[in-house]
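Remarks on the structure that follows.
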Amino acid sequence: MAPNGGGVTLSYENEDIASLPSFEKKGYRTVPILYVNGSRIEDKDAVLARPGQTLLSYLRDVLGLSGTKLGCAEGGCGACTVMISRYDPTTAKIQHYSANACLMPVLAADGCHVTTVEGVGSVRDGLHPVQSAMVDMHGSQCGFCTPGIIVAIYSLLAQNPTRAYMEEHLDGNLCRCTGYRPIWDASRSLCVDAGDEPVGPCGTPCRECPERETCTLDCNVADGGGGGGTASEEEKKGDAP
Numbered sequence: 020m021a022p023n024g025g026g027v028t029l030s031y032e033n034e035d036i037a038s039l040p041s042f043e044k045k046g047y048r049t050v051p052i053l054y055v056n057g058s059r060i061e062d063k064d065a066v067l068a069r070p071g072q073t074l075l076s077y078l079r080d081v082l083g084l085s086g087t088k089l090g091c092a093e094g095g096c097g098a099c100t101v102m103i104s105r106y107d108p109t110t111a112k113i114q115h116y117s118a119n120a121c122l123m124p125v126l127a128a129d130g131c132h133v134t135t136v137e138g139v140g141s142v143r144d145g146l147h148p149v150q151s152a153m154v155d156m157h158g159s160q161c162g163f164c165t166p167g168i169i170v171a172i173y174s175l176l177a178q179n180p181t182r183a184y185m186e187e188h189l190d191g192n193l194c195r196c197t198g199y200r201p202i203w204d205a206s207r208s209l210c211v212d213a214g215d216e217p218v219g220p221c222g223t224p225c226r227e228c229p230e231r232e233t234c235t236l237d238c239n240v241a242d243g244g245g246g247g248g249t250a251s252e253e254e255k256k257g258d259a260p
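FYI, the numbering for the sequence shown is 20 to 260, going by this note's numbering.
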């Protein structure tokens, strides 16, 4: 008896593919269309994508892009973060969002553009401002989680480069060495509205700094409340009647 219990063998239950009607075997595309870091993947490599394969496995094992890391393998740490860009016909715009490559099937990226940390920037080709900010503000120590964090920030800036959007959506990336303050400062410094308040060389906006009361840097704003810092010339002009 057929597995469906009805006594009739359905087409998909028959192991003999030749029994399927001929029109069901024609007109199907068997090679996925994949774009990675600005280039379309050649058919000889795209055809190697398997139905049961994750995007992370394909990027690392087939394309050799090892910047995307395997951490928890269950979408919790964010080390495998990549950016997916997809055209939205309802808005006629390209939507950018981050995805966990360890969970996403590679064939789910058919027709999409995938950006890995190699596509963001490199020492050889030049660092992207996101990468430079992470370096300048000491947002990385062991570095294992850093590629995923960089791509996550890059994705948010591509979609909506405002501080409010960054603060609301930068989530899902774990860092066990650095702590999150320098990472947050690096991401916020790149937003289009980052210049709305004084920022010290530490990267932290002065009026939001938890050490503002004791900070002795000259850049500390005049209303710092006992920190010993002095106001900049621009701030002095702003305080003048």
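From the three backbone atoms N, C-alpha and C, an ideal C-beta is built for every residue, glycine too.
Just so you know, the alpha carbons of residue 159 and residue 47 end up roughly 46 Å apart.
The segment 62-74 and the segment 108-126 touch, with three or more beta-carbon pairs separated by less than 8 Å. Inter-segment contact for the segment 166-176 and the segment 82-97 is present: three or more beta-carbon pairs are separated by less than 8 Å.
DSSP places residue 154 within a helical segment (H, G or I) once states are collapsed to three.
Following the DSSP letters along the chain, one finds residue 107 in no alpha helix (DSSP H) but inside the beta strand (DSSP E) bounded by residues 100-107. Excluding its 5 nearest sequence neighbours in each direction, residue 182 has C-beta neighbours in its own chain below 6 Å: 207, 210, 212, listed in chain order. If you look at residue 115, you'll find it in the beta strand (DSSP E) that goes 112-119. In this structure, the straight-line span from the alpha carbon of residue 176 to that of residue 99 is close to 18 Å. Taking C-alpha positions only, residue 49 is separated from residue 117 by approximately 26 Å. Classified as exposed, residue 196 has fewer than 16 neighbouring CB atoms from the shown chains inside 10 Å of its CB. As DSSP reads the structure, residue 143 sits in no beta bridge. Residue range 165-178 is occupied by the alpha helix (DSSP H) that includes residue 165. Secondary structure note for residue 63: its alpha helix (DSSP H) is the uninterrupted segment 62-65.
Under the DSSP assignment, residue 233 falls outside any beta strand (DSSP E); it carries neither an H nor an E label.
Residue pairing of residue 54 in beta bridges, as defined by DSSP: 59, 132.
In the three-state DSSP reduction, residue 124 falls in the strand class (E or B). Distance from the Cα of residue 82 is smallest, within the candidate group 64, 152, 91, for 64. Note: residue 73 is bridge-paired with 124 in the DSSP secondary-structure output.
DSSP, read as helix, strand or coil, puts residue 184 in helix.
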